[in-house]
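Written below as structure tokens is the structure these notes are about.
Encoded structure:
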């Protein structure tokens, strides 16, 4: 989307949280692995940039990556993963 396309940017700002809320049960259960895989897909070597200032373009992925809602929905599984991985170690 181009920066000048205000309607598309507004639609993306509105629809990304709606999509995240629709996927919230899944994100609460398995959010950390899904988020890691999604970020690897976005930032892979041959992927287009999510923000291209020179061309005046922004990708819808930018709204997903910067969403505090996604961060909040993935936080329980991330903290649970850290807790479980820490339990396997023994103190010496």
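In my numbering, the protein residues as written are 303 to 394.
Backbone N, C-alpha and C fix where the C-beta goes; we use that ideal spot for every residue, glycine too.
Remember, it's a predicted structure, so these values are computed and weren't measured experimentally.
Backbone CA spacing between residue i and residue j [nearest angstrom]
i: residue 313; j: residue 366; result: 13 Å
i: residue 323; j: residue 345; result: 24 Å
i: residue 328; j: residue 351; result: 27 Å
i: residue 376; j: residue 330; result: 6 Å
i: residue 347; j: residue 370; result: 25 Å
i: residue 343; j: residue 374; result: 20 Å
i: residue 318; j: residue 309; result: 14 Å
i: residue 320; j: residue 311; result: 15 Å
i: residue 339; j: residue 316; result: 24 Å
i: residue 378; j: residue 349; result: 29 Å
i: residue 304; j: residue 332; result: 33 Å
i: residue 325; j: residue 388; result: 28 Å
Bridge partner(s) assigned by DSSP for residue i
i: residue 316; result: BP columns for residue 316 are empty, so no partner.
Residue environment, residue i, which counts as buried when at least 16 other CB atoms sit within 10 Å
i: residue 358; result: exposed
i: residue 385; result: exposed
Inter-residue CB distance, residue i and residue j (contact presumed, cutoff 8 Å)
i: residue 334; j: residue 306; result: Not a contact, Cβ separation roughly 36 Å.
i: residue 337; j: residue 372; result: 7 Å
i: residue 353; j: residue 360; result: 5 Å
Short CB-CB distance (under 8 Å) between residue i and chain D
i: residue 333; result: The chain inventory of the structure shown lacks chain D, comprising one protein chain alone.
Notebook entry, point to check: What are the uninterrupted segments assigned as alpha helix (DSSP H) that are 4 or more residues long and contained completely in the stretch 336 to 386, given in chain order?
Noted result: 362 to 367
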